[in-house]
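Trainee: Numbering (this note's numbering), first residue to last: 170 to 276. We put the beta carbon where it would ideally sit given N, CA and C, even for glycine.
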Ligand SMILES: [Zn+2]
């Protein structure tokens with residue numbers, strides 16, 4: 170079950186009309202490197218707007234979209250955790266691919 174990382178609210182019925190959950194990357198969390206991936210409900214990302222870099226409605230987030238965040242260096246979030254947050258489970262091949270993109274940025 171995918172839920173808000175901040176308040177724990179799940180998408181449920183509200184997932185329509187942009188009131189559901191969104192993938193966000195945080196830009197100003199201390200000591201976490203660039204852009205940790207979290208899932209926030211609309212209320213929470215508005216409350217945290219100063220710290221939020223990217224907001225992508227979850228219904229628009231595909232594995233390719235997530236990988237793009239890694240490819241473009243917008244996040245170096247732990248791929249396993251990010252996949253679990255965003256998709257509710259971590260696909261091994263997706264985690265591997267994201268990890269490879271992080272590694273290629275470091276090297
Ligand atoms: Zn929330």
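Grab the span of the beta strand (DSSP E) containing residue 222 for me, first residue to last.
Mentor: Locating residue 222 in the chain shown gives position 53, where the first residue counts as 1. First-last of the beta strand (DSSP E) with residue 222: 221-226.
Trainee: Give the residues whose C-beta lies closer than 5 angstroms to at least one heavy atom of ligand 1, in chain order.
Mentor: Answer in sequence order: 173, 175, 176, 178, 210 and 213.
Trainee: Reducing DSSP to helix, strand and coil, say where residue 273 ends up.
Mentor: One-based indexing of the chain shown puts residue 273 at position 104. Three-state result, residue 273: helix.
Trainee: Since residue 254 contacts residue 208 with CB under 8 angstroms, what's their CB separation in whole angstroms?
Mentor: Counted from its first residue, the chain shown places residue 254 at position 85. Counted from its first residue, the chain shown places residue 208 at position 39. Right, their Cβ atoms sit about 5 angstroms apart.
Trainee: If you draw a straight line from the alpha carbon of residue 273 to that of residue 258, how long is it in whole angstroms?
Mentor: Taking the first residue of the chain shown as 1, we reach residue 273 at position 104. Taking the first residue of the chain shown as 1, we reach residue 258 at position 89. Each residue's Cα considered, the two are about 24 angstroms apart.
Trainee: Below 7 angstroms CB to CB, which residues in the same chain sit around residue 268 once its five sequence neighbours on both sides are set aside?
Mentor: Within the chain shown, numbered from 1, the residue matching residue 268 stands at position 99. Taken in chain order, the residues that qualify are 248.
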